Every structure is written in C-alpha cells, then in structure tokens.
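Okay, structure first, notes after.
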Amino acid sequence: MSAEEKGGAARKAAGAKSASGYFLDPDRRPAAAFAVGIGCLLLALHHAGLSRLTPAYLAAWTCLLALPAGALPVVIMIERADAWRPQPETALLETLRGLLVLMPVAALLALPIPLAAPLLYAGPGSAGPDGPLALFGAAPPFLALRLGLYFALWTGLALLFARRGGEPWAKAGRIDDGRAVLGLGLHTVVGTLAAGDLVMSVGTNPALRFHASAFGLLVLAAWSSLALAAAILVAPPDVGPARRRHDRLTPLAVLLLVWAGLHLVQFLMLGAAADPEAAAWYRLRSGSAGRALALSAAAVVALAAVLTLRPGENRTRLVAAFAVAIHLAELFWFVTPAFRGSFRIGLTDVLALAGLVGLAMGLAPVVRRLVPGLAVTPAWPGRERARSGAPGLVAGDRARKPVVRPPEAS
Numbered sequence: 123m124s125a126e127e128k129g130g131a132a133r134k135a136a137g138a139k140s141a142s143g144y145f146l147d148p149d150r151r152p153a154a155a156f157a158v159g160i161g162c163l164l165l166a167l168h169h170a171g172l173s174r175l176t177p178a179y180l181a182a183w184t185c186l187l188a189l190p191a192g193a194l195p196v197v198i199m200i201e202r203a204d205a206w207r208p209q210p211e212t213a214l215l216e217t218l219r220g221l222l223v224l225m226p227v228a229a230l231l232a233l234p235i236p237l238a239a240p241l242l243y244a245g246p247g248s249a250g251p252d253g254p255l256a257l258f259g260a261a262p263p264f265l266a267l268r269l270g271l272y273f274a275l276w277t278g279l280a281l282l283f284a285r286r287g288g289e290p291w292a293k294a295g296r297i298d299d300g301r302a303v304l305g306l307g308l309h310t311v312v313g314t315l316a317a318g319d320l321v322m323s324v325g326t327n328p329a330l331r332f333h334a335s336a337f338g339l340l341v342l343a344a345w346s347s348l349a350l351a352a353a354i355l356v357a358p359p360d361v362g363p364a365r366r367r368h369d370r371l372t373p374l375a376v377l378l379l380v381w382a383g384l385h386l387v388q389f390l391m392l393g394a395a396a397d398p399e400a401a402a403w404y405r406l407r408s409g410s411a412g413r414a415l416a417l418s419a420a421a422v423v424a425l426a427a428v429l430t431l432r433p434g435e436n437r438t439r440l441v442a443a444f445a446v447a448i449h450l451a452e453l454f455w456f457v458t459p460a461f462r463g464s465f466r467i468g469l470t471d472v473l474a475l476a477g478l479v480g481l482a483m484g485l486a487p488v489v490r491r492l493v494p495g496l497a498v499t500p501a502w503p504g505r506e507r508a509r510s511g512a513p514g515l516v517a518g519d520r521a522r523k524p525v526v527r528p529p530e531a532s
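Under my numbering, residues 123 to 532 are what the sequence shown spells out, in order.
So, in structure tokens, the structure goes:
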C-alpha cells in the first residue's frame with residue numbers, strides 16, 4: 123500500500139471515530155461545506171425572514187461573482203504581457219486561473235434571483251429610472267433570460283482564456299491581440315450591463331434608485347481589485363526564476379487607485395448634482411457606517427500607494443486583506459441600503475455570505491468534473507520536487523504535472 127493510500131485509510135478511520143475527523147476528510151469536505159452553507163441560509167431565513175434575506179443573498183452573490191468576473195480581465199492582461207516576453211509562470215497567475223472555475227458556480231447560485239425578482243426590483247410599470255435593459259421588465263422569465271445570456275458569454279470567455287499550468291512556453295503567444303481585445307471588450311460590455319441591470323436597478327421604490335453609465339465600470343474595477351487581492355492572499359510566494367516578478371503590490375495599488383477614482387468621479391458628477399434620485403441614492407448610504415467605510419477605503423488606497431515604494435510579501439498581504447474586507451463591505455453597500463433605509467452589516471449579511479461560501483465550496487468540485495476546461499488546479503510553479511530522489515517526496519508530488527521551464531531558464 124502506498125503512502126497516499128495509507129493516509130487515506132487513516133483519515134477514514136479518524137472520520138469514523140470523531141465528527142471533526144469526518145469533516146476534515148478532504149473527500150467529505152465539499153459535502154460538509156455544502157451542508158454548512160445550507161444551514162447558514164436556513165438560519166438567516168429563520169432569523170430575518172425572506173424579505174430581509176433576499177437582498178443579503180443578492181449582495182453575497184455579487185461577492186462570489188466578483189472572484190471569477192474580476193479575475194478574467196486580470197488573467198487576459200497578464201497573458202498578453204507574458205506573450206511578448208515569455209516569463210516563468212507565477213503562482214499568482216495560476217491562482218487567478220483557478221478562480222475562473224467559480225463562474226459556473228456563480229451561475230448555478232444565481233437561480234434564486236429571478237424567482238425573488240418581485241422582492242428585489244420595482245414592477246415594470248413603475249415610474250423612475252431603470253437599468254439599461256428595463257425595456258424587458260423585471261419579470262422573472264426575462265431576468266432569467268438575461269442572466270443566462272450573461273453567464274453564457276462569461277463562461278465562454280473563461281473557457282477561452284483559462285489554460286492549465288505547465289504548457290510549453292512556445293504557446294504563450296497563442297492568445298493574439300485580436301482575441302485579447304475582443305475578450306476585454308466583450309467582458310466590459312457584459313459586466314456593465316449586468317452591474318446596471320442587477321445591482322444599480324435594485325430596490326422596489328423607484329424614487330430611491332437612479333442609473334449612471336459609469337456605474338458598470340466602477341463595479342468592474344471593484345471586482346478586479348477584489349479578485350486580485352483574494353488571489354494574493356491565497357497564492358504562496360514565488361520561488362525560482364519566477365521570483366524575479368515578486369512585486370504583487372503595484373498592480374493591486376493601480377486597481378485600487380482606478381476604483382477610488384471612479385468612485386470620486388461618480389460622486390462629483392451625480393452625488394452633488396441637482397438630481398433628486400442621485401441625492402436620495404447617496405443619502406441612503408451616507409450614514410455613520412457609510413462614512414466609516416469611505417474613510418477606511420481611502421486609508422487602504424493611500425496605504426497601498428505608499429507601500430509601493432517599499433513592497434514586500436507581508437506588506438502586500440496586509441494591503442490585500444484590507445482590500446478584500448473593504449470590497450466585500452462595498453458590495454453590500456451597493457445593495458442592502460435600498461431595503462433597510464441605511465447601510466449596516468448585520469447577522470443576516472454575515473450568514474448569507476457564509477452560506478454562499480459554503481455552497482460554492484461544495485459545488486466547485488462538481489463543476490470541475492463537468493467542465494474540464496475550467497479545472498485549473500494551481501500548480502504554484504517552482505515548488506515541485508524532483509520526480510525521484512528528492513527528500514520528502516510524496517505520492518502527490520509524483521502525480522502532479524511539472525511546470526515546463528522557459529527556454530531562457532534551461
């Protein structure tokens with residue numbers, strides 16, 4: 123019996139003896155996470171009711187959607203940069219590719235949204251500003267059709283630009299400029315429509331919502347910044363030739379600055395204007411918690427900009443952790459005040475986010491099997507041991523596909 127089989131048998135024996143061993147077994151972990159997610163959502167439903175859980179679920183779902191939708195443009199840009207001058211594969215890029223598997227997961231978890239459309243959006247006959255596709259109304263069939271179109275295009279782009287680590291570096295340029303520009307353009311259009319149609323049009327009171335053409339770009343910048351910050355927290359440091367590209371703080375700081383600039387421009391153009399809908403929209407979100415969030419976001423952006431002068435692994439992870447927290451709160455700031463009269467993070471929001479995380483962890487392995495093109499397991503290049511003769515070699519290292527070294531590193 124191999125070492126891996128012995129380890130599996132030992133885990134099963136431990137799982138039979140204790141509940142902790144059962145849930146810590148990697149084979150049972152997705153099912154356990156799925157069960158915990160269902161439990162959190164049921165607890166939130168019992169605690170707050172359907173009318174309060176629905177907006178919290180939508181906000182938590184946008185947090186989940188931000189990971190694959192935000193990682194997609196970052197992966198495309200890194201791919202194009204590497205195609206011109208082939209570089210060693212980085213653990214950050216592999217982690218970003220791994221996030222693309224969440225796109226079909228987000229599509230599956232979006233199924234309750236059309237069913238809850240009467241609780242989230244105003245009726246088609248109501249007066250007031252609407253999203254870009256308001257011509258079709260917020261009826262569940264039309265909303266489901268639009269969601270299906272969005273995710274069909276997004277999943278197609280994820281399949282086009284996701285590739286497994288370890289491919290020959292001669293193929294690094296196979297994503298030509300035409301496909302990269304087309305992919306970024308299509309993602310921008312789809313993301314803008316989805317953000318305006320699903321997020322900015324939220325709220326059953328037409329007098330408390332408005333539509334801005336720059337809102338989609340603002341949401342896309344927030345998604346990309348959140349995905350990059352989450353990947354920085356997950357990915358280990360690069361070793362070997364890839365360590366020459368260890369600066370991960372600069373691209374994160376650039377995305378944070380773009381995101382903050384879009385927020386400022388929208389506020390100056392719409393929030394301070396004599397637009398009653400815009401004034402009402404910002405008034406809902408300008409309470410004490412909203413001001414604290416704005417000040418915290420400004421501090422994080424300033425910290426990221428200052429630390430680019432002396433980047434380091436610990437500093438980068440600190441900024442990434444702050445950025446993840448700020449963006450998660452911001453995505454709730456977009457949605458929930460329209461239903462509560464002010465912005466605040468409550469137990470229902472935390473339970474909804476925990477429930478979505480548990481459901482995503484349970485569905486991700488199933489999606490990997492059903493959609494092999496997105497089954498990108500981060501190899502984290504440079505950390506693979508030799509196939510034989512290396513100290514501490516285990517069976518999992520022998521089965522792992524090694525990353526092909528670039529020509530200049532051989």
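Where a beta carbon is used, it is the ideal one built from N, C-alpha and C, also for glycine.
The model shown is predicted, which means the values in this text are computed figures rather than measured ones.
Can you give the Cα-Cα distance for residue i and residue j, rounded to whole angstroms?
i	j	result
Gly477	Ala182	9 Å
Thr430	Leu492	41 Å
Pro358	Ile235	35 Å
Glu289	Gly305	With a pLDDT of only 44 at Glu289, under the threshold of 50, the placement of this residue in the model should not be trusted, and no figure is reported.
Gly171	Leu279	37 Å
Leu355	Leu378	16 Å
Val158	Ala443	24 Å
Gly287	Thr212	Confidence at Gly287 is low in this model, with a pLDDT of 41, below 50, so the placement of that residue should be treated as unreliable; the coordinate-derived value is given next. Whole-angstrom Cα-Cα distance: 9 Å.
Phe264	Leu233	13 Å
Glu398	Leu406	Per the sequence shown, residue 398 should be read as Pro rather than Glu. Each residue's Cα considered, the two are about 12 Å apart.
Arg174	Gly434	42 Å
Ala274	Ala460	29 Å
Phe454	Ala178	7 Å
Leu255	Arg150	Confidence is the limiting factor: at Leu255 the pLDDT is only 48, short of 50, which leaves the residue's position unreliable, though a coordinate-based value still follows. Whole-angstrom Cα-Cα distance: 42 Å.
Val387	Gly161	41 Å
His169	Leu473	10 Å
Leu486	Phe337	Per the sequence presented here, residue 486 reads as Ala, with Leu not at that position. Between Ala486 and Phe337, the C-alpha separation is close to 30 Å.
Gly484	Trp276	21 Å
Gly300	Gly409	46 Å
Val227	Trp403	31 Å
Leu269	Ala482	18 Å
Gly504	Val380	With a pLDDT of 49 at Gly504, under the threshold of 50, the modelled position of that residue is not reliable, and the figure given next carries that caveat. Those two C-alpha atoms are separated by around 32 Å.
Pro240	Ala284	36 Å
Leu267	Ala261	10 Å
Val423	Leu271	35 Å
Arg462	Arg432	42 Å
Leu450	Leu342	14 Å
Glu201	Leu282	12 Å
Thr310	Leu222	16 Å
Ala414	Phe465	11 Å
Pro152	Val312	31 Å
Val488	Ala191	20 Å
My output table needs one value for residue i: the three-state DSSP class, helix, strand or coil.
i	result
Gly300	helix
Ala508	Residue placement at Ala508 is flagged as unreliable, the pLDDT there being 34, under the threshold of 50; a coordinate-derived value is accordingly withheld.
Gly171	coil
Smallest Cα separation from residue i: which of the options?
i	options	result
Ala334	Pro373, Thr470, Ala400, Leu221	Ala400
Ala344	Val312, Cys185, Pro152	Cys185
Val428	Leu371, Gly468, Arg405	Leu371
Val446	Gly383, Ala426, Phe465, Leu241	Ala426
Leu340	Pro328, Gly318, Gly325	Gly318
Leu231	Gly495, Arg490, Gly480, Arg439	Gly480
Ala155	Ala238, Leu496, Pro494, Leu475	Leu475
Thr458	Arg432, Ala411, Leu384	Ala411
Ile448	Ile467, Arg437, Arg432, Gly325	Ile467
Leu194	Ala302, Gly325, Ala238	Ala302
Leu440	Leu374, Pro494, Ala238, Leu469	Leu374
Thr75	Thr176, Met199, Ala424, Val311	Look at the range of the chain in this structure, 123 to 532, and you will see that residue 75 is not part of it.
Ala329	Thr438, Glu201, Tyr243	Tyr243
Asp369	Ala414, Thr438, Met391	Thr438
His385	Ala353, Phe332, Glu452	Glu452
Phe456	Val324, Gly192, Leu496	Val324
Met199	Met391, Gly307, Leu320	Gly307
Asp471	Leu180, Pro152, Met322	Leu180
Ala188	Phe332, Ala353, Gly495, Leu237	Ala353
Val196	Ala382, Val376, Leu496	Val376
Can we count residue i as close to the ligand GTP, meaning its CB is less than 8 Å from some heavy atom?
i	result
Leu348	As presented, the structure is devoid of all ligands, the ligand GTP included, so that no description of it is given.
inquiry  = At 4 residues or longer, what runs of the alpha helix (DSSP H) sit wholly inside the region 429-473?
reply    = You should have 435-457, 459-462.
query = Is the region 153-171 touching the region 216-224, taking contact as three or more C-beta pairs under 8 Å?
reply = no
message = Check whether the region 410-427 and the region 336-354 touch, using three or more Cβ-Cβ pairs below 8 Å as the test.
response = No contact exists between the region 410-427 and the region 336-354.
Those runs of the alpha helix (DSSP H) which lie wholly inside the region 368-428 and span at least 4 residues = 371-388, 398-406
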